[in-house]
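Protein chains in written order, with full-length UniProt numbering: chain A, 1 to 381; chain B, 1 to 381.
Every residue, glycine too, gets a C-beta built ideally from N, C-alpha and C.
Just below is one structure, and these are the notes that go with it.
In structure tokens, the structure reads:
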């Protein structure tokens, strides 16, 4: 665009940005990339259930803690986690706010994400089943989130005309700057809206990931794999992918303590998935790149278990206004992805994906460290 | 298109047809419609397993039958069924040919469908897992099928740029000519390619219906519902749908003889579905219009059972070169859809969907007659 009779480049850019807001908004955001140390760390925060802050009481803490316990304990835990782990990305996997107890959903969202915003660390969020229980619809919540500082969240992929839900998008994590993987995404992150509740009268219970979303995921995975296996530095397999969404898949029901690390102590059926299977596990296994899935929703489950080559992981409940278990600490999951050290020096593709959890106790105790995936064991799930 | 300096309309049409072949090909085909009697009958033929005709022996018949039994018995059964039932549509649900025993797949296809072709009754086919086991690929088989006379089969929907498989399409059945439903599709038929075998190393067994196909189905169902509920004669609910594909869904495993009509006697696991759930049952329940699903694949299962408002039906094995059970007659399924008689006279929307099977015995004995769906009981699955 040329402003006739002038050469005000800044004005041109501003005008262009007003027209092409989404593109400029994206362009402003610094892309994710592995650091010089060859690792990328993600902090997962599940189920903050934030409401009004100081006036919102805690749930399921010991009676003597009640008087001084509120949403601010959730904030403090998040601040401590960020300080302790210094992640490269913070991912919020839904039920970020408990909107039915919130006086003003927008303010609750602002407060819930405040520690992430002020940390200047990029962050991403998806929706749970409680985020929209106020004046803000699911679309409204997601539209509010994407305007907050430092977030990489998107309402939906710009290229999609029809997709179910709000908060389906992907993020690419580039190789180390100056390395031969500089211009490749070596780690792919998928974020999906697993819905809230069934809208189908004959299907009770929670929502699920729909065909439109799975088709988008499938095409995105294919596109990324195609780029990864193209020259230069053409790779043989796909770059590892991690998927983040709120409601666990029904396939988690087939895991038990003989094949998972962590705790499964949710009341009743154990896994609060949708009551039907919408096939997303099959779609991910078929795509071939996703190595681990990270859910929230079941605050009292915090395990990771391998099924058909994909690690299915919970983070465990984080928020103090969320149901929990007095004496069983609120917790968060950390994932660190390490690159391969090349013979000639420098960093290559992803070598391993590790995880642990931290408890909200005096020392932020680390528990359940485990390797989720490694290049050397790939193909032997 | 205007031919300059001439007025040869025929030439124009021919030229246009050469350019727009698929459209002209469609236009040639007479659309399906309920007859003056207010009913529409579909004959389902599952698993003909046709090969070379007279020289291809039968399987699993009594020893004394072997000498005179061949693919021609399959042909004779099909001819008798067509003559006895006079269906409005014949649907072949895959494993139409047993291509690995076929000398020439194209000839086998021609011979297998010959009774349908010569009956002048419209027919439609989908692929099974055995149709492509020769020089003709799945695409090749489907491309051969769509060129045969009287078929309404399509390789894939013309509007889809990316869809998995070959033989995904839908057919609309219009209301009675001259009635107020003349210009509405009152019955919708969906045909899908359920694949052959898994292409995913970590998933063993049979194929499944992919997200791209489900997304197409979902959008097609939505479009049809939108037309059905639009003026004139705006309807409240969707027009009933019937889905035809080869490999049964894993959900059939949850049915047992307390809630189905027919026989479940397939060896081993009972239901030879894919080893994973790809979500198509959930997608159909969500769409809300499909009242019954018709599969083949398991020759020794022939039951129908209701799950969450959808009847899941087998046809039972039809072909003599297919495995079966000596003494357990080859069989076919008939579905008849009846319209509602209007108070003012004439025909309205669909009132009931009934089914029965016919055995290949002396009298083509009818068994297991049942109502699959009726307007009066809708909403009470």
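Would you kindly check if the distance between the Cβ of residue j and the Cβ of residue i is under 8 Å?
i	j	result
residue 115(A)	residue 78(A)	yes
residue 50(A)	residue 137(A)	no
residue 47(A)	residue 322(A)	yes
residue 163(B)	residue 212(B)	yes
residue 85(A)	residue 54(A)	no
residue 124(A)	residue 171(A)	yes
residue 208(B)	residue 141(B)	no
residue 38(B)	residue 200(B)	no
residue 244(B)	residue 91(B)	yes
residue 89(B)	residue 122(B)	yes
residue 235(A)	residue 111(A)	no
DSSP three-state label for residue i, please.
i	result
residue 146(B)	coil
residue 215(B)	helix
residue 42(A)	strand
residue 194(A)	coil
residue 251(B)	helix
residue 57(B)	strand
residue 303(A)	coil
residue 258(A)	coil
residue 323(A)	coil
residue 285(B)	helix
residue 185(A)	strand
residue 109(A)	helix
residue 93(A)	strand
residue 117(A)	helix
residue 340(B)	strand
residue 129(B)	coil
residue 21(B)	In this prediction, residue 21(B) scores a pLDDT of 47, lower than 50, which makes its location untrustworthy; no coordinate-derived value is stated.
residue 308(B)	coil
residue 72(B)	helix
residue 220(A)	helix
residue 26(B)	Interpretation of residue 26(B) is limited by its pLDDT of 46, a score under 50 that renders its predicted location unreliable; the figure taken from the coordinates is listed afterwards. The answer is helix: DSSP assigns residue 26(B) an H, G or I state.
In angstroms, rounded to a whole number, what distance separates the CA positions of residue i and residue j?
i	j	result
residue 329(B)	residue 262(A)	54 Å
residue 21(A)	residue 147(A)	Bear in mind that the predicted position of residue 21(A) carries a pLDDT of just 47, short of 50, making it unreliable; the figure below should be weighed with that in mind. One C-alpha to the other measures close to 12 Å.
residue 274(B)	residue 340(A)	37 Å
residue 67(A)	residue 61(A)	10 Å
residue 182(B)	residue 197(B)	42 Å
residue 99(B)	residue 105(B)	6 Å
residue 280(A)	residue 279(B)	8 Å
residue 299(A)	residue 316(B)	47 Å
residue 120(A)	residue 237(A)	34 Å
residue 204(A)	residue 373(A)	35 Å
residue 365(A)	residue 378(B)	57 Å
residue 266(B)	residue 324(B)	10 Å
residue 283(A)	residue 293(A)	13 Å
residue 23(A)	residue 118(B)	Here the model assigns residue 23(A) a pLDDT of 44, short of 50, so the residue's position is not dependable and the matter cannot be decided.
residue 239(B)	residue 285(B)	14 Å
residue 87(A)	residue 65(A)	29 Å
residue 307(B)	residue 256(B)	11 Å
residue 25(A)	residue 253(B)	Confidence at residue 25(A) is low in this model, with a pLDDT of 45, below 50, so its placement is unreliable and the value that follows should be read with caution. Spanning the two alpha carbons is a distance of roughly 50 Å.
residue 331(A)	residue 246(A)	16 Å
residue 191(A)	residue 342(B)	51 Å
Since residue i and residue j are thought to touch, with beta carbons under 8 Å apart, how far apart are those beta carbons, to the nearest angstrom?
i	j	result
residue 367(B)	residue 357(B)	5 Å
residue 296(B)	residue 74(B)	Not a contact, Cβ separation roughly 14 Å.
residue 155(B)	residue 143(B)	6 Å
residue 393(B)	residue 101(B)	Beyond the ends of chain B as shown, which are 1 and 381, falls residue 393(B); an answer cannot be given.
residue 346(B)	residue 179(B)	5 Å
residue 225(B)	residue 302(B)	Incorrect: roughly 31 Å between the Cβ atoms, too far for contact.
With distances taken Cα to Cα, identify the nearest neighbour of residue i among the options.
i	options	result
residue 220(A)	204(A), 185(A), 270(A) and 316(A)	185(A)
residue 71(A)	97(A), 92(A), 125(A) and 306(A)	97(A)
residue 169(B)	239(B), 326(B), 157(B) and 246(B)	157(B)
residue 152(A)	165(A), 173(A) and 134(A)	173(A)
residue 334(A)	304(A), 349(A) and 327(A)	304(A)
residue 369(B)	260(B), 177(B) and 271(B)	260(B)
residue 271(A)	351(A), 244(A), 314(A) and 290(A)	314(A)
residue 251(A)	225(A), 202(A) and 309(A)	309(A)
residue 371(B)	63(B), 338(B) and 247(B)	338(B)
residue 44(B)	33(B), 82(B) and 52(B)	82(B)
residue 139(A)	165(A), 187(A), 327(A) and 352(A)	165(A)
residue 93(A)	167(A), 229(A) and 149(A)	167(A)
Cβ of residue i versus every heavy atom of the ligand COA: is any distance shorter than 7 Å?
i	result
residue 41(A)	No copy of the ligand COA appears in this structure; indeed no ligand is present at all.
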